[in-house]
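Numbered per numbering that gives the first Met the number 0, the sequence shown spans residues 0 to 346. C-beta: ideal position from N, C-alpha, C; glycine also. Owing to the predicted nature of the structure, the values given are computational and were not obtained by experimental measurement. Remarks on the structure that follows.
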Amino acid sequence: MENIKELGLLNALDKGPVICAEGYLFEMERRGYLKAGPFVPEVVLDFPLAVKQLHEEFVRAGSDVVVAFTYYGHRAKLKAIGKEDLLEKLNRNALEIARNVARETGTLLAGNLSNTWEYEPDSKKSHKTVRSIFDEQVAWAADEQADFIIAETFGHLGEALLSLESIKSAGLPAVITFSPATENSCDGYSWEDACKVLQDKGADVVGLNCGNGPDTMTPYLEKIRSTVSVHVAALPVPYRTTNEQPCFQKLKLPNTEQAFPVSLDPFLLNRYEMAEFAVKARDMGIRYIGICCGAGPHHVRSMAEALGRTPAAGKYSPDMSLHPIFGDKDVKENHVACLLGPVQDIK
Ligand SMILES: [Zn+2]
0 MENIKELGLL NALDKGPVIC AEGYLFEMER RGYLKAGPFV PEVVLDFPLA VKQLHEEFVR
60 AGSDVVVAFT YYGHRAKLKA IGKEDLLEKL NRNALEIARN VARETGTLLA GNLSNTWEYE
120 PDSKKSHKTV RSIFDEQVAW AADEQADFII AETFGHLGEA LLSLESIKSA GLPAVITFSP
180 ATENSCDGYS WEDACKVLQD KGADVVGLNC GNGPDTMTPY LEKIRSTVSV HVAALPVPYR
240 TTNEQPCFQK LKLPNTEQAF PVSLDPFLLN RYEMAEFAVK ARDMGIRYIG ICCGAGPHHV
300 RSMAEALGRT PAAGKYSPDM SLHPIFGDKD VKENHVACLL GPVQDIK
């Protein structure tokens with residue numbers, strides 16, 4: 000989107016769709032820079048250029064937002080791998096890498112919080128721990144000039160509310176999303192009610208990300224869109240989830256083994272299926288449209304193009320007319336036979 004940096008997130012959303020590419024953990028893991036299992040983004044310290052490159056690829060593909068790679072970069076996660084001393088450096092590095100790309104490309108810089116795995120609904124002590132985890136990450140994001148903050152993949156409304164309070168106390172716009180792995184939140188709210196509570200407490204954008212593919216996320220999104228008045232966010236994973244296996248953690252391979260997290264390839268949706276989702280989401284009145292774990296720049300580009308954008312990477316979007324077998328008649332006539340047999344038998 001033109002001038003999104005000047006407009007700011009909320010004005011941009013009032014004008015039309017904002018595209019947000021996520022899925023850094025999975026893509027960095029696929030590229031060999033991050034360990035599946037702990038899923039801690041140490042890559043921002045070890046291979047900052049790899050992170051910068053992916054930010055740039057997502058922007059070239061059409062993302063309006065550069066999300067600082069601090070997902071699972073919070074104190075509890077760093078403690079779990081014995082590297083708590085790297086916490087601040089990791090966060091600041093991630094924010095700096097993302098800020099440089101955002102400022103160079105005129106896009107928005109988002110700080111990023113995630114669920115902590117520390118939240119227990121009935122434990123005031125855990126609430127205090129979680130709030131302090133959010134507060135320090137929000138402070139670093141604000142200090143590194145984040146334009147807004149995404150807090151995501153929550154299962155508990157209670158934990159999401161703690162993130163919201165933290166972001167609002169820093170005076171930044173808050174995009175808060177749940178991962179609907181279950182029918183209701185872990186603390187018993189329907190997803191639309193949980194989003195409504197967030198809205199009423201001051202969240203600027205509410206919705207869902209991760210966990211579900213487009214088919215199983217859409218029914219929840221419809222209910223959320225008709226329940227809240229603020230802008231809605233929708234960032235499914237690009238995987239073929241079903242009513243029987245509604246989230247990617249539940250997808251099973253033919254041999255019944257769990258496909259999550261590193262054997263999900265056979266379930267991957269193609270770029271056009273994600274583009275179809277982007278259009279459907281827009282037509283439902285959703286303005287904050289994106290993609291989560293499993294995303295590649297090709298998905299983002301097709302989504303952007305389907306929404307009427309002309310991203311830089313569109314220069315290399317497919318043009319099959321010049322393909323020697325499947326292309327236009329003139330081209331094909333020069334390639335009468337091939338490994339697949341005579342061309343006239345193929346089409
Ligand atoms: Zn995700």
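First and last residue of the uninterrupted beta strand (DSSP E) at residue i
i: Glu151; result: 147 to 153
i: Leu108; result: 107 to 113
i: Gly289; result: 287 to 290
i: Ile18; result: 17 to 20
Distance CB(residue i)-CB(residue j) smaller than 7 Å
i: Met302; j: Met273; result: yes
i: Arg239; j: Leu268; result: yes
i: Gly212; j: Pro179; result: no
i: Gly61; j: Ile18; result: yes
i: Gln44; j: Leu89; result: Gln is not the amino acid found at residue 44; the sequence shown has Leu there. Against a cut-off of 7 Å, the Cβ pair of Leu89 and Leu44 comes out as a contact.
i: Gly289; j: Glu21; result: yes
i: Ala311; j: Arg300; result: no
i: Ser184; j: Ala173; result: no
i: Asp186; j: Pro120; result: yes
i: Phe147; j: Leu171; result: yes
i: Thr226; j: Glu182; result: no
i: Ala294; j: Pro237; result: yes
i: Leu8; j: Leu107; result: yes
Range of the contiguous alpha helix (DSSP H) that encloses residue i
i: Phe177; result: Taken as a continuous stretch (DSSP letters only), Phe177 belongs to no alpha helix (DSSP H), being part of the beta strand (DSSP E) at 173 to 177.
i: Gln198; result: 190 to 199
i: Thr69; result: Unbroken run through Thr69: none, as it is neither H nor E.
i: Pro310; result: Note, Pro310: premise wrong, no alpha helix (DSSP H); not H, not E.
i: His322; result: No alpha helix (DSSP H) contains His322, which DSSP labels as neither H nor E.
i: Thr181; result: Counting along the chain, Thr181 falls outside any alpha helix (DSSP H), and DSSP gives it neither H nor E.
i: Glu275; result: 270 to 282
i: Leu86; result: 86 to 104
i: Phe133; result: 123 to 142
i: Leu166; result: As written in the sequence, residue 166 is Ile, which differs from the Leu given in the question. Here the alpha helix (DSSP H) through Ile166 covers 156 to 168.
i: Lys350; result: As displayed, the chain neither begins before 0 nor continues past 346, which places residue 350 out of reach and without an answer.
Ligand 1 heavy atom lying under 6 Å from the CB of residue i
i: Cys246; result: no
i: Cys291; result: yes
i: Cys19; result: no
i: Cys209; result: yes
Close-in-space but distant-in-sequence residues of the same chain around residue i (CB under 6 Å, 5 per side omitted)
i: Val231; result: Gly206, Ile223, Arg224, Ile285
i: Asp327; result: Ser320
i: Leu150; result: Note that residue 150 is Ala in the sequence shown, not Leu. Contacts found: Leu112, Ser162, Ile175.
i: Phe46; result: Tyr32
i: Asp142; result: none
i: Arg308; result: Gly61
Chain-order list of residues whose beta-carbon lies under 8 Å from that of residue i (same chain, five-residue window excluded)
i: Arg130; result: Leu161, Glu164, Ser165
i: Asn99; result: Lys51
i: His297; result: Ala60, Arg270
i: Ala159; result: Ala150, Phe153, Ile175, Phe177, Ala193, Leu197
i: Tyr23; result: Pro40, Val50, Leu53, Val66, Phe68, Tyr70
i: Pro265; result: Leu252, Ala258
i: Thr241; result: Asp214, Thr215
Residues near residue i in its chain [Cβ-Cβ closer than 7 Å; skip 5 each side]
i: Val42; result: Met27, Tyr32, Leu33, Ala49, Val50
i: Lys200; result: Leu160, Leu163
- Item | Unbroken stretches of the beta strand (DSSP E), 3 residues or longer, contained in the stretch 208 to 261 | 230 to 234
- Every unbroken alpha helix (DSSP H) inside the stretch 2 to 56 [4 residues or more]: 3 to 6, 8 to 14, 23 to 29, 42 to 45
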